[in-house]
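Quick mapping for you: the protein sequence lines, in order, are chains S and B. Using the working numbering, read the first sequence as starting at 20 and increasing by one per residue. Using the working numbering, read the second sequence as starting at 4 and increasing by one per residue. Note that CB positions come from ideal geometry on N, CA and C, so glycine has one too.
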Amino acid sequence: MDLRLAAAVNAGKAAGMATRLLGRGGGTALPGLVALRADPGALRKLGRQLGRGRVLVTGTNGKTTTSRILASILAEAGVPVVHNREGSNLARGMASTLLAAAGPTGRLKVRGGADHALGLFETDEASLPAAARDLAPKAIAFTNLFRDQLDRYGEVDTVAALWREALAAPPPAATLVLNADDPSVAELATGWPGPVHWFGLDDPAFATTDPGAVDARWCRACGGTFAYDRRYFAHIGYWRCTGCERARPAPDTAAESVSLWPESARFTVPGLGELEMPLTGVYNVSNALAAVALARVLGVDAGAIARGVAGVKAAFGRQESVEFEGRRLRIFLCKNPAGANQVIRLLQATTAGTSLNAATLLSDRFADGQDVSWTWDVDYELLAPLVAKCWAGGTRAEDMALRLKYAGWPAPTAVEPDPVRLLDAVLAATTPGDEVAIVPTYTAMIDLRAELTRRGAATRFGEDE
Amino acid sequence: MPLPANPALRLAHLYPDVMNIYGDRGNVIALRFRCEARGIALEVAEVNAGDAFDPANYDLVLMGGGQDREQRRIAEDLVAKGPALREAIDGGLPALAVCGGFQLFGHRYVDHEGGVIPGIGVFDLETRHPGPRADRCIGDVVLATEYGEVVGFENHGGRTYLAEGQEPFGRVRRGFGNNAEDGAEGARTKNAIGTYLHGSLLPKNPAIADALILAALRRRYGDDVELPPLDDAAETAAHRAAARTAERRSRAAAE
Chain S
20 MDLRLAAAVN AGKAAGMATR LLGRGGGTAL PGLVALRADP GALRKLGRQL GRGRVLVTGT
80 NGKTTTSRIL ASILAEAGVP VVHNREGSNL ARGMASTLLA AAGPTGRLKV RGGADHALGL
140 FETDEASLPA AARDLAPKAI AFTNLFRDQL DRYGEVDTVA ALWREALAAP PPAATLVLNA
200 DDPSVAELAT GWPGPVHWFG LDDPAFATTD PGAVDARWCR ACGGTFAYDR RYFAHIGYWR
260 CTGCERARPA PDTAAESVSL WPESARFTVP GLGELEMPLT GVYNVSNALA AVALARVLGV
320 DAGAIARGVA GVKAAFGRQE SVEFEGRRLR IFLCKNPAGA NQVIRLLQAT TAGTSLNAAT
380 LLSDRFADGQ DVSWTWDVDY ELLAPLVAKC WAGGTRAEDM ALRLKYAGWP APTAVEPDPV
440 RLLDAVLAAT TPGDEVAIVP TYTAMIDLRA ELTRRGAATR FGEDE
Chain B
4 MPLPANPALR LAHLYPDVMN IYGDRGNVIA LRFRCEARGI ALEVAEVNAG DAFDPANYDL
64 VLMGGGQDRE QRRIAEDLVA KGPALREAID GGLPALAVCG GFQLFGHRYV DHEGGVIPGI
124 GVFDLETRHP GPRADRCIGD VVLATEYGEV VGFENHGGRT YLAEGQEPFG RVRRGFGNNA
184 EDGAEGARTK NAIGTYLHGS LLPKNPAIAD ALILAALRRR YGDDVELPPL DDAAETAAHR
244 AAARTAERRS RAAAE
């Protein structure tokens, strides 16, 4: 028995129990933090007991949804999985997840046996170096790289540099699962000694030839300018360098014949046939491809992949639907311009006439990013002709309201930072049967969801199985 | 004269394809909104590297910030456009340069290894990067300026030092400012403003947006032009929310 690990596990578990007794819900980081203080090797020692290995999912957007879809596929395949699905994707959150599965001696106890279990870890971009080092993953999926919380991460280039540095750590036999459509992700293959599995969208009908603001402009290899023959969104698309030979690689796992419906999507993956999933938006098809590609790397059979994709449930706040006093609230979490612009386009495509009721919530706590400037990179203008009623909320509700005013939206029914009063205002201005799209930042979503839970409309954090 | 008949202004947005980080596009959105609300037609021309640029064809100039790598790439092109732009700004052309744009409107940017990126010298200042170990200046800013209180958010690694006689844009009440030492923020010369403030700057500080628009109109139509006021309740509320946030975070940091 590793006494130091056992002590760390027990200290972490005690800290977790204390927060639960105090009623501080969602304490997904503290146990791991305490355990890592007591034994900095805890993540490595616990994680490496997972006999089927570990996989990491990272990137700016889509980490949670991709991990969810993969977990659903693995459940269909009968693979026992330890997954940090309930929250923190920093090293401490991964450690918390492992602690919860560990006995008092520091041995993992997983149904089906730790020897047969797989670790599935959604990994924060900045935590990748630590996770890659400690968890020795057999595969790492990179979804995309967009500008996000620049006050926290610095420049987009800083994150790209961090990823390249992180790739010095994992075993060289590990498979990189890379988004062929994102040149910033694709360049990670340069110099990688192990296998690479590419995934990408292959339906030009959903791509545009319009130029737009993109975060990936120049080739790191030669300094040449990237050209985008077609883009699905942001810099995701058919890219090629005008200075050298680099271009979008042909995907190993591709989505063809994509069709999008208000609450589902269908697409064909060569070799697997047509898949259907209860999530929509081109960005979610890309997330599903990342999960399917990982599943193929792990050797999961086609039937389990199809059933897993079909059976996935929306993650907390990601196209989650909530019934509230007869109103149907659909929550579309938005954390950065790329994600928000995808939601805007989804709402634009699925709104008939001027029938859109939308509550946009902007908060500026640490987890949201303290700088709210990014809202000016979001194309709220596209929705202006569709809005029937709107509300502005979050800790920076006034900034949100100003952004909407300058985007040409009608005056908000309420500008209300307080989630209790915001929900009251939504109730007062709608009738049973109405639909309202809620577009919140991360902590604004947590606040609003807590109030919905208090009023009995939503399940509690971590109880969304 | 409140406004001439069919007033129109032309804005040159410099390097919008690269110098566009931190939502600086909001400054163009604000200028357009506040012009159109008064019946002023605003034509926006995007001027990128390699494009011909004659400042005499424009009434306003705007430039945002970018990442270090991006800034290096446009610096050479900006230096070629520099002499004409500097002369026009000397002649009263209104301009707003934010963050990386502000740095390049100075004489030079010196990186931590002593490498020099030349600027165009609209402002009498230089920027030095203290090295990769130094913290970036990141956080809320509140300034006292001759346009009144100004709020925004700064995020910069370089430290900017004004030469003697160069007026700042404002004095720092909350935040770091040009260099976290001397209390100065930004620079101002005639109708040109340089600043580190994002936010975006102009939507929450409508007095500055209007000052730029008014200066442009007067230069084109005569000194008796006046701007009709707008209902700025939403702008004022967002401004106050940003100022409150800056106060609260600065108190929390002090505790």
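Inter-residue Cα distance where the pair is residue i and residue j
{"i": "Ala447(S)", "j": "Ala150(S)", "result": "47 Å"}
{"i": "Ala183(B)", "j": "Arg136(B)", "result": "16 Å"}
{"i": "Ala155(S)", "j": "Cys238(S)", "result": "29 Å"}
{"i": "Cys353(S)", "j": "Arg337(S)", "result": "9 Å"}
{"i": "Asp167(S)", "j": "Thr460(S)", "result": "12 Å"}
{"i": "Leu401(S)", "j": "Ala456(S)", "result": "15 Å"}
{"i": "Ala426(S)", "j": "Leu12(B)", "result": "21 Å"}
{"i": "Asp222(S)", "j": "Ser276(S)", "result": "6 Å"}
{"i": "Arg111(S)", "j": "Ser86(S)", "result": "18 Å"}
{"i": "Glu157(B)", "j": "Leu291(S)", "result": "49 Å"}
{"i": "Gly94(B)", "j": "Ala48(B)", "result": "21 Å"}
{"i": "Glu417(S)", "j": "Ala91(B)", "result": "37 Å"}
{"i": "Val397(S)", "j": "Ala357(S)", "result": "8 Å"}
{"i": "Leu423(S)", "j": "Gly67(B)", "result": "22 Å"}
{"i": "Glu339(S)", "j": "Arg104(S)", "result": "15 Å"}
{"i": "Ala190(B)", "j": "Gly103(B)", "result": "13 Å"}
{"i": "Pro190(S)", "j": "Lys157(S)", "result": "7 Å"}
{"i": "Leu137(S)", "j": "Asp54(B)", "result": "55 Å"}
{"i": "Gln367(S)", "j": "Ala241(B)", "result": "27 Å"}
{"i": "Thr83(S)", "j": "Lys332(S)", "result": "12 Å"}
{"i": "Arg39(S)", "j": "Lys32(S)", "result": "11 Å"}
{"i": "Ala245(B)", "j": "Asp143(B)", "result": "8 Å"}
{"i": "Asp443(S)", "j": "Tyr399(S)", "result": "24 Å"}
{"i": "Leu81(B)", "j": "Arg222(B)", "result": "24 Å"}
{"i": "Ala403(S)", "j": "Leu471(S)", "result": "27 Å"}
{"i": "Arg261(S)", "j": "Ala205(S)", "result": "The question names Arg, yet the displayed sequence has Thr at residue 261(S). For Thr261(S) and Ala205(S), the distance between alpha carbons rounds to 16 Å."}
{"i": "Leu75(S)", "j": "Glu141(S)", "result": "6 Å"}
{"i": "Ala119(S)", "j": "Gly72(S)", "result": "18 Å"}
Outcome for residue i when other beta-carbon atoms lying within 10 angstroms are tallied against a minimum of 16
{"i": "Trp258(S)", "result": "buried"}
{"i": "Ala378(S)", "result": "buried"}
{"i": "Arg315(S)", "result": "buried"}
{"i": "Leu117(S)", "result": "buried"}
{"i": "Pro123(S)", "result": "exposed"}
{"i": "Asn376(S)", "result": "buried"}
{"i": "Asp466(S)", "result": "buried"}
{"i": "Val21(B)", "result": "buried"}
{"i": "Cys140(B)", "result": "buried"}
{"i": "Pro59(S)", "result": "exposed"}
{"i": "Thr244(S)", "result": "exposed"}
{"i": "Thr228(S)", "result": "exposed"}
{"i": "Ser409(S)", "result": "Per the sequence shown, residue 409(S) should be read as Cys rather than Ser. Under this definition Cys409(S) is a buried residue."}
{"i": "Lys128(S)", "result": "exposed"}
{"i": "Arg473(S)", "result": "exposed"}
First through last residue of the beta strand (DSSP E) which encompasses residue i
{"i": "Lys408(S)", "result": "Val406 to Gly412"}
{"i": "Ala158(S)", "result": "Ala158 to Phe161"}
{"i": "Asp134(S)", "result": "Here Asp134(S) belongs to no beta strand (DSSP E), and DSSP marks it neither H nor E."}
{"i": "Cys140(B)", "result": "Cys140 to Thr148"}
{"i": "Glu39(B)", "result": "Premise fails: Glu39(B) lies in the alpha helix (DSSP H), Arg28 to Glu39, not in any beta strand (DSSP E)."}
{"i": "Gly256(S)", "result": "Ile255 to Cys260"}
{"i": "Tyr425(S)", "result": "Here Tyr425(S) belongs to no beta strand (DSSP E); instead the alpha helix (DSSP H) covers Ala416 to Tyr425."}
{"i": "Pro459(S)", "result": "Glu454 to Pro459"}
Per DSSP, the bridge partner or partners of residue i
{"i": "Met66(B)", "result": "Leu17(B) and Ala100(B)"}
{"i": "His102(S)", "result": "Leu139(S)"}
{"i": "Phe351(S)", "result": "Arg337(S)"}
{"i": "Tyr112(B)", "result": "Ile120(B) and Thr130(B)"}
{"i": "Ser278(S)", "result": "Arg285(S)"}
{"i": "Ala296(S)", "result": "Rather than Ala, the amino acid found at residue 296(S) in this sequence is Met. Paired residue(s): Ala284(S)."}
Alpha helix (DSSP H) segment containing residue i, residue limits
{"i": "Asp248(S)", "result": "First-last for Asp248(S): Phe245 to Phe252, but that is the beta strand (DSSP E), not the alpha helix (DSSP H)."}
{"i": "Gly327(S)", "result": "Ala321 to Ala329"}
{"i": "Leu89(S)", "result": "Lys82 to Glu95"}
{"i": "Met486(S)", "result": "A question about residue 486(S) goes unanswered here, because the residues of chain S that appear run from 20 up to 484."}
{"i": "Met113(S)", "result": "Ala110 to Ala119"}
Residues of the region 220-243 of chain B with a CB closer than 8 Å to any CB of chain S: list them in chain order, please. Ala237, Glu238, Ala240, Ala241 and Arg243
Listed in chain order, which residues of the region 388-401 of chain S have Cβ atoms closer than 8 Å to some Cβ of chain B? Gln389, Asp390, Val391, Ser392, Trp393, Thr394, Trp395 and Asp396
Using Cβ-Cβ distances below 8 Å, what residues of the region 128-147 of chain B are close to chain S? Arg139, Ile141, Gly142 and Asp143
Could you please tell me which residues of the region 238-256 of chain S, in chain order, have their CB closer than 7 Å to any CB of chain B? none
Using a beta-carbon distance cut-off of less than 7 Å, what residues from the region 407-421 of chain S approach chain B? Arg415, Glu417, Asp418, Ala420 and Leu421
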